[in-house]
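Working notes, structure below.
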Amino acid sequence: IKMVVAYIRPDKLSDVKQGLAEAGAPSLTVTNVSGRGSQPAKKGQWRGEEYTVDLHQKVKIECVVADIPAQDVVDAIAESARTGEKGDGKVFVLPVESARQIRTGKSGPEAV
Amino acid sequence: IKMVVAYIRPDKLSDVKQGLAEAGAPSLTVTNVSGRGSQPAKKGQWRGEEYTVDLHQKVKIECVVADIPAQDVVDAIAESARTGEKGDGKVFVLPVESARQIRTGKSGPEAV
Amino acid sequence: IKMVVAYIRPDKLSDVKQGLAEAGAPSLTVTNVSGRGSQPAKKGQWRGEEYTVDLHQKVKIECVVADIPAQDVVDAIAESARTGEKGDGKVFVLPVESARQIRTGKSGPEAV
Ligand SMILES: Nc1ncnc2c1ncn2[C@@H]1O[C@H](COP(=O)(O)OP(=O)(O)OP(=O)(O)O)[C@@H](O)[C@H]1O
Ligand SMILES: Nc1ncnc2c1ncn2[C@@H]1O[C@H](COP(=O)(O)OP(=O)(O)OP(=O)(O)O)[C@@H](O)[C@H]1O
Ligand SMILES: Nc1ncnc2c1ncn2[C@@H]1O[C@H](COP(=O)(O)OP(=O)(O)OP(=O)(O)O)[C@@H](O)[C@H]1O
Ligand SMILES: [Mg+2]
Ligand SMILES: [Mg+2]
Ligand SMILES: [Mg+2]
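Residue numbers (the numbering used here), protein chains in the order written: chain E, 392 to 503; chain G, 392 to 503; chain U, 392 to 503.
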């Protein structure tokens, strides 16, 4: 069992949800986050005041999978989230030791 | 050390906090999230427009434990979050390699 | 590859971002969360009604690193987030099995 964690552009959420469904991994959890990657902070001006934009709005996606290879899920997210511009995001895979579906009490891969 | 991650119904948060305290795992972090499980998206109508509800408000709970078995924490969450209806949520256990308590500087299981 | 997860005081976010940048780990994701540690819930009164404050606003930081030791990142966060008062937070390290940078398609440590 693996947890695929992705940070993507908010306006790519809809495409990613569709990409995941087509890859056979429709279940997911979405969180509003902000973050920065490797670009240095950007300085701007507002009414004569200098300010720094260094955290950008992103969406975090968590998708736990058991039946399909985590790399297929990574591919599906990366393809559907890509624009080719800086800020497209990252996808990470974390190990998961156990799973439980609350309604049924099922454990293991079939609980995912 | 393990991190127990649960996605539950928002209106079950209070019961789950109590269940965790009774299980000897009072520490937790709560995040507002939205998500979908294995049910297909639901279509509705609003003022003649069709819309699709496919993400439901949920609460994510993270509970890192060292002294008590992670499965006891999974049991406590699953029991207190259960209604028996679709949408009750899931609980996953992830491995944690190290812990640090910031105030005391303590590391390892006693930092959890 | 490791994911360093920290729960800190919201008003320490700016110091922690600077601490991370100085430690050579500028990339991070920030989430607004609430939580409780090991202190019992605090009871208060408001207009004659008793209430319990048991969840405090915190900020969660996720910082995935590959080139620098995760413990250096833990040190950087813990030093910059510390006030010495209860509620300073915790830092955990989780294993990460793979990484992908969406824009470039790069995988592995150089994708982080
Ligand atoms: N190492 C990391 N740890 C935690 N979060 C990260 C990390 N790298 C990126 N993120 C998250 O992903 C978001 C998008 O990152 P971004 O795509 O800008 O990465 P990048 O390495 O700068 O790539 P690019 O050069 O294509 O912009 C960030 O705002 C942050 O939320
Ligand atoms: N595999 C998963 N990966 C990530 N998040 C998940 C996953 N499965 C469920 N979730 C989260 O848990 C929430 C509740 O899921 P839900 O209980 O509907 O799962 P289910 O498998 O459809 O079970 P049920 O048939 O009882 O509804 C989802 O809205 C989502 O936030
Ligand atoms: N074991 C844990 N699992 C999940 N989240 C935790 C855990 N411990 C702490 N947290 C998160 O960190 C925040 C701050 O915790 P806190 O610093 O109060 O921990 P503590 O053990 O009570 O230490 P202190 O005695 O210094 O207050 C909590 O509000 C919660 O969000
Ligand atoms: Mg970038
Ligand atoms: Mg469901
Ligand atoms: Mg405390």
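Every residue gets a Cβ at the ideal spot worked out from N, C-alpha and C, and that includes glycine.
Where residue i falls: helix, strand or coil (DSSP)
{"i": "ALA490 (chain U)", "result": "strand"}
{"i": "ALA502 (chain G)", "result": "helix"}
{"i": "ALA414 (chain U)", "result": "coil"}
{"i": "LYS497 (chain G)", "result": "coil"}
Beta-ladder partner(s) of residue i, from DSSP
{"i": "GLY426 (chain G)", "result": "E:THR420, G:HIS447"}
{"i": "LYS433 (chain U)", "result": "U:VAL444"}
{"i": "LYS408 (chain U)", "result": "Its beta-bridge partners do not exist; DSSP assigns none."}
{"i": "LYS393 (chain U)", "result": "U:VAL456, U:PRO486"}
Any non-hydrogen atom of ligand 6 within 6 Å of residue i CB
{"i": "GLY499 (chain U)", "result": "no"}
{"i": "GLY478 (chain U)", "result": "yes"}
Whether residue i touches residue j by CB criterion (7 Å)
{"i": "VAL482 (chain U)", "j": "ILE459 (chain U)", "result": "no"}
{"i": "LEU419 (chain E)", "j": "GLY426 (chain G)", "result": "yes"}
{"i": "ALA416 (chain G)", "j": "CYS454 (chain G)", "result": "yes"}
{"i": "VAL487 (chain E)", "j": "LYS393 (chain E)", "result": "yes"}
{"i": "VAL421 (chain G)", "j": "ILE452 (chain G)", "result": "yes"}
{"i": "VAL464 (chain U)", "j": "VAL395 (chain U)", "result": "yes"}
{"i": "PRO401 (chain U)", "j": "ALA457 (chain U)", "result": "no"}
{"i": "ILE493 (chain E)", "j": "GLY428 (chain G)", "result": "no"}
{"i": "LYS433 (chain E)", "j": "VAL444 (chain E)", "result": "yes"}
{"i": "ASP406 (chain G)", "j": "SER498 (chain G)", "result": "no"}
{"i": "ALA502 (chain E)", "j": "VAL484 (chain E)", "result": "no"}
Check: residue i C-beta below 6 Å from any heavy atom of ligand 4
{"i": "LYS434 (chain U)", "result": "no"}
{"i": "GLY428 (chain E)", "result": "yes"}
Proximity test, residue i beta-carbon vs ligand 3 heavy atom, cut-off 6 Å
{"i": "LYS451 (chain E)", "result": "no"}
{"i": "ARG494 (chain G)", "result": "yes"}
{"i": "TYR398 (chain U)", "result": "yes"}
{"i": "VAL503 (chain G)", "result": "yes"}
Proximity test, residue i beta-carbon vs ligand 1 heavy atom, cut-off 6 Å
{"i": "THR420 (chain U)", "result": "yes"}
{"i": "CYS454 (chain E)", "result": "no"}
{"i": "VAL395 (chain E)", "result": "no"}
Residue i Cβ short of 6 Å to ligand 2 heavy atom set
{"i": "LYS481 (chain G)", "result": "yes"}
{"i": "HIS447 (chain G)", "result": "yes"}
Can you give, in chain order, each stretch of the alpha helix (DSSP H) that sits fully within the region 436-486 of chain E and has at least 4 residues?
461-472
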